[in-house]
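The listed protein sequences derive, respectively, from chains A and B. Residues in the first sequence are numbered from 1 upward in steps of one, following this note's numbering. Residues in the second sequence are numbered from 1001 upward in steps of one, following this note's numbering. Quick reminder that beta carbons are idealized off the backbone N, C-alpha and C, glycines included.
Protein chains: 2
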Amino acid sequence: MFKNILIIGCGMIGSSILRGVISQKLCKSIYVFEKNSKYKKQIKKINKKIILIKKLDKEISKMDLIIISTPMSEYEKIILSLNKNLSHKTLITDVGSTRTNVAKLIMEKLSKKLNWIMSHPISGSEASGPKYGSKNLFKKKWCILIKNKKNKLLEKKLSRFWKKLGSKILFMNEEEHDKIFAITSHLPHLIAYNLIKTSQDFQKTNKKNIIKYSAGGLRDFSRIAASNEIMWRDVFFNNSKNMSKIIDLFIKNLKNFKIDINKKRNSLLLDKLKKSKKVRKQILSLKQDISKPNFGREN
Amino acid sequence: MFKNILIIGCGMIGSSILRGVISQKLCKSIYVFEKNSKYKKQIKKINKKIILIKKLDKEISKMDLIIISTPMSEYEKIILSLNKNLSHKTLITDVGSTRTNVAKLIMEKLSKKLNWIMSHPISGSEASGPKYGSKNLFKKKWCILIKNKKNKLLEKKLSRFWKKLGSKILFMNEEEHDKIFAITSHLPHLIAYNLIKTSQDFQKTNKKNIIKYSAGGLRDFSRIAASNEIMWRDVFFNNSKNMSKIIDLFIKNLKNFKIDINKKRNSLLLDKLKKSKKVRKQILSLKQDISKPNFGREN
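Right under this line is the structure:
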């Protein structure tokens, strides 16, 4: 399908793409650019075919597809190397979790002759690093592609690439994407971080070790709040406008719950608690989760 | 160990006790009082030995141990039957998630001659009903017993009972219990409900079906928010003072996160996000969860 593919930044997501590309034989030669020396050792163990390159210099001009899977705060520096060394023949994509900021960066900084179509595979976990990657990470998961008016042919090519890794494709524009993922992904992560922060504050004030009793709910949030901090700082900063609005709505609703509880508004509270089940049912019917009850993951 | 055991209210938790009691042979005869006819059918299928009783009348005087596992809002009615029919010989316990309210109820409504020691097994799931019960539900999980000055012998007896079901025992007083579980269990559940409510509001305003994209975080919260609404209404109402305080702290912290994001306070935000990992590490080292990363439960 491609002759040469380069993956820039090879952590959990990058190495999952790497593993998928090798397993599906999507190119003749596979190249990786990774700065972290611990990660490099882990990458070498994945497959002997992998070629680790040391610099983003003129060698990269031969790449047919470049996938950037570094934290988004690295993009600006990378773009300088792309501008210098690439031609229109290379298809560039990335896997960042916010899209408006990258659309802006592409418009302002990327050479007009180059082709970058943004991807966002909706898959991940709290684990960081190439040893946690899996060739199956994208299987049956959505991959959002940001609509590109400039080059429909490359759009199709990229779409086919993700399909080969097992993804289901959806097209969106960048504003729509950032609005939707503010509520389905970015807010849940911030809330998890905030709950852990609140429990740490509680622990300090009350001098009680509460972690022992975390099985009743807290531990599930602690998993999400153990996600990569660089990645999530980038997401929060880059989607701050949508985040602000949705945080305000969240706080408004939480204050209402507090009033319901304090005023013992029985039927109103019961009604709200019941309605959540509808969302759960929709999620299950759309196969975004399995219905098997969770009794704690050790069971 | 006991001659006759009665379980009042036999949903997911009650039926797990039931299964454990039968499997561990903890009594000669096992009785169940359950009003829901669908549940009754499911209970009959568990084991032929189970005796379903229709009323809480004088027949219950022969019980050595009674375990109440109904929603807490049922307790007052049940206490009337206990007062009428029991003597000091019966050990009474329950499995409610808040304890100060039940301590008060016992003091005000229960006949002084009767013995009720409160339990709170820290285990559960989003599933309701006896068919989801498991004899292993309590294995290696904490069971909190509320200190009882009146009768240390019965306290030991109850402690042995839970240990036979696999629990590890911890003693607390009711105020301490309610303060700790407000943060480790009650707030996480309310937050999950509130996140789902917020996503429903978002969906209405924006006329977008966002459920499709829930794999990035929202779906984990939707599971918790699918828990039994009667049980959680009772918990929220009965622990409203502790909940109020902890909701206020949560909102204060969330507002600070919002400022961090909007003002792009880089090192402050990174520091906070990093610190969450410490809690995760503690939870794993205390074996309250497993370290295997979660890529979505279908994998």
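*asked:* Less than 8 angstroms between the C-beta atoms of D1064 (chain B) and K1164 (chain B), yes or no?
replied: Sequence index remark: in the second sequence, residue 1064 (chain B) carries index 64 (1-based). Sequence index remark: in the second sequence, residue 1164 (chain B) carries index 164 (1-based). Not in contact: D1064 (chain B) and K1164 (chain B) (Cβ atoms no closer than 8 angstroms).
_Proximity winner among A:A127, A:I60 and A:V32, relative to K48 (chain A) (alpha-carbon distances)_ = Your numbering for residue 48 (chain A) matches position 48 in the first sequence. That would be A:V32, whose Cα lies nearest to the Cα of K48 (chain A).
_C-alpha distance - L195 (chain A) paired with I1060 (chain B), whole-angstrom precision_ = One-based indexing of the first sequence puts residue 195 (chain A) at position 195. One-based indexing of the second sequence puts residue 1060 (chain B) at position 60. Near 45 angstroms, if we compare the C-alpha coordinates of I1060 (chain B) and L195 (chain A).
*Beta-carbon of F181 (chain A) versus every beta-carbon of chain B: anything under 8 angstroms?*
Residue mapping note: residue 181 (chain A) aligns to position 181 of the first sequence, counting from 1. Yes, because at least one Cβ of chain B sits closer than 8 angstroms to the Cβ of F181 (chain A).
_Am I right that G1166 (chain B) and G1011 (chain B) are in contact with their C-beta atoms under 8 angstroms? What's the rounded C-beta distance?_
Here residue 1166 (chain B) refers to the residue found at position 166 when the second sequence is read from its first residue. Here residue 1011 (chain B) refers to the residue found at position 11 when the second sequence is read from its first residue. Separation of the CB atoms of G1166 (chain B) and G1011 (chain B) is rounded to 19 angstroms, and the pair is thereby denied contact status at 8 angstroms.
_With H, G and I counted as helix, E and B as strand and the rest as coil, what does DSSP make of F1171 (chain B)?_
On the second sequence, position 171 is the one that residue 1171 (chain B) refers to. Strand.
*For I146 (chain A), collect the residues of the same chain with a Cβ closer than 6 angstroms to its Cβ; drop the 5 residues on either side in sequence, then sort them by chain order.*
Numbered from 1 along the first sequence, position 146 holds the residue referred to as residue 146 (chain A). Answer for I146 (chain A): R99, M118 and E174, listed in chain order.
*Could you check the C-alpha separation between F257 (chain A) and D271 (chain A) for me, to the nearest Å?*
Reading the first sequence from its first residue, position 257 is the one you call residue 257 (chain A). Reading the first sequence from its first residue, position 271 is the one you call residue 271 (chain A). Near 12 angstroms, if we compare the C-alpha coordinates of D271 (chain A) and F257 (chain A).
*Once you ignore the five residues that flank Q24 (chain A) on each side, which residues in its own chain have a CB closer than 6 angstroms to its CB?*
Numbered from its first residue, the first sequence carries residue 24 (chain A) at position 24. Closer than 6 angstroms at Cβ, skipping near neighbours: K164.
*As assigned by DSSP and simplified to three states, the class of H1120 (chain B)*: Start at 1 with the first residue of the second sequence, and residue 1120 (chain B) comes out as number 120. Reduced to three states, the DSSP call for H1120 (chain B) is strand.
*Does K1207 (chain B) have its Cβ less than 8 angstroms from a Cβ in chain A?*
If you number the second sequence from 1, residue 1207 (chain B) lands on position 207. For K1207 (chain B), no Cβ of chain A is located within less than 8 angstroms of the residue's own Cβ.
*asked:* Given this structure, state the Cα-to-Cα distance separating L1114 (chain B) from Y1132 (chain B), to the nearest angstrom.
replied: Against the second sequence, residue 1114 (chain B) aligns to sequence position 114. Against the second sequence, residue 1132 (chain B) aligns to sequence position 132. Rounded to whole angstroms, L1114 (chain B) to Y1132 (chain B) spans 32 angstroms at the Cα level.
*Return no unless some Cβ of chain A is closer than 8 angstroms to the Cβ of M1118 (chain B).*
Here residue 1118 (chain B) refers to the residue found at position 118 of the second sequence. With 8 angstroms as the cut-off, M1118 (chain B) does not count as an interface residue toward chain A.
*Quick one, are the C-beta atoms of I211 (chain A) and Q1200 (chain B) less than 8 angstroms apart?*
Taking the first sequence and counting its residues from 1, one reaches residue 211 (chain A) at position 211. Taking the second sequence and counting its residues from 1, one reaches residue 1200 (chain B) at position 200. Taking 8 angstroms as the Cβ cut-off, I211 (chain A) and Q1200 (chain B) do not qualify as a contacting pair.
*Cutoff 8 angstroms: H88 (chain A) Cβ touching any chain B Cβ*: In the first sequence, the residue the question calls residue 88 (chain A) occupies position 88. H88 (chain A) does not count as touching chain B.
_Closest residue to I1092 (chain B) among B:F1138, B:S1276 and B:N1151 (Cα-Cα distance)_ = As a working mapping, residue 1092 (chain B) is identified with position 92 in the second sequence. Residue B:N1151 is the option with its Cα nearest to I1092 (chain B).
*What number of angstroms, rounded off, separates the C-alpha of N83 (chain A) from the C-alpha of V102 (chain A)?*
The residue you call residue 83 (chain A) lines up with position 83 of the first sequence. The residue you call residue 102 (chain A) lines up with position 102 of the first sequence. Their Cα atoms are separated by approximately 15 angstroms.
*Compare the C-beta of Y1193 (chain B) with all C-beta atoms of chain A and state if any pair is closer than 8 angstroms.*
The residue labelled residue 1193 (chain B) in the question sits at position 193 within the second sequence. It does: the Cβ of Y1193 (chain B) has a partner Cβ on chain A nearer than 8 angstroms.
*Assign T1093 (chain B) to one of three DSSP states: helix, strand, or coil.*
Position 93 of the second sequence, counted from the start, is the residue given in the question as residue 1093 (chain B). Secondary structure at T1093 (chain B): strand, using DSSP grouped into helix, strand and coil.
*Any residues in the segment 139–156 of chain A with a beta carbon nearer than 9 angstroms to a beta carbon of chain B? Which ones, in chain order?*
Across the segment 139–156 of chain A, CB contacts with chain B closer than 9 angstroms involve K139, K140, K141, W142 and I144, in sequence order along the chain.
*asked:* Between which two residues does the beta strand (DSSP E) holding F1250 (chain B) run?
replied: As a working mapping, residue 1250 (chain B) is identified with position 250 in the second sequence. Note, F1250 (chain B): premise wrong, no beta strand (DSSP E); alpha helix (DSSP H) at S1240 to N1262.
*Measure from the C-beta of G217 (chain A) to each C-beta in chain B and report whether the shortest distance is under 8 angstroms.*
Along the first sequence, one-based indexing puts residue 217 (chain A) at 217. Yes - at least one Cβ of chain B is within 8 angstroms of the one on G217 (chain A).
*Hey, would you say R1019 (chain B) sits closer than 8 angstroms to I1046 (chain B), going by beta carbons?*
As a working note, residue 1019 (chain B) is residue 19 in the second sequence. As a working note, residue 1046 (chain B) is residue 46 in the second sequence. Their beta carbons are under 8 angstroms apart, which means R1019 (chain B) touches I1046 (chain B) by this criterion.
*chain B contact for N36 (chain A) (CB, 8 angstroms cutoff)*: In the first sequence, the residue the question calls residue 36 (chain A) occupies position 36. Closer than 8 angstroms: no.
*Starting from L1195 (chain B) and walking both ways along the beta strand (DSSP E), at which residues does that stretch end?*
Taking the second sequence and counting its residues from 1, the one referred to as residue 1195 (chain B) is at position 195. L1195 (chain B) -> not in any beta strand (DSSP E); alpha helix (DSSP H) instead, spanning L1187 to N1206.
*asked:* Alpha carbons only, please: which of B:N1148, B:K1241, B:N1206 and B:F1250 is nearest the one belonging to P1188 (chain B)?
replied: Locating residue 1188 (chain B) in the second sequence gives position 188, counting from the first residue. Per the Cα distances, B:F1250.
*Quick one: is L1080 (chain B) buried, meaning 16 or more other Cβ sit within 10 Å of its Cβ, or exposed?*
Residue 1080 (chain B) sits at position 80 when you count from the first residue of the second sequence. It is exposed - the Cβ of L1080 (chain B) has fewer than 16 other Cβ atoms within 10 Å.
*Kindly indicate the opening and closing residues of the beta strand (DSSP E) around N1004 (chain B).*
On the second sequence, position 4 is the one that residue 1004 (chain B) refers to. Looking at the DSSP string, the run of the beta strand (DSSP E) that includes N1004 (chain B) is F1002 to I1008.
*Examine chain A for any beta-carbon lying closer than 8 angstroms to the beta-carbon of D1220 (chain B), and answer yes or no.*
As a working mapping, residue 1220 (chain B) is identified with position 220 in the second sequence. Closer than 8 angstroms to some Cβ of chain A, the Cβ of D1220 (chain B) qualifies, so yes.
*Answer with yes or no whether the minimum CB distance from P130 (chain A) to chain B is below 8 angstroms.*
Position 130 of the first sequence, counted from the start, is the residue given in the question as residue 130 (chain A). So, not an interface residue.
*How would you label E1298 (chain B), buried or exposed, when you count the other beta carbons within 10 angstroms and need 16 or more for buried?*
Residue numbering aside, residue 1298 (chain B) sits at position 298 when the second sequence is read from its first letter. Residue placement at E1298 (chain B) is poorly supported in this model, since its pLDDT is 42, which falls under 50; the coordinates are not used for a value here.
*In whole angstroms, what is the alpha-carbon distance linking F1161 (chain B) and M1001 (chain B)?*
Translated into positions along the second sequence, residue 1161 (chain B) becomes position 161. Translated into positions along the second sequence, residue 1001 (chain B) becomes position 1. So the two alpha carbons sit approximately 8 angstroms from each other.
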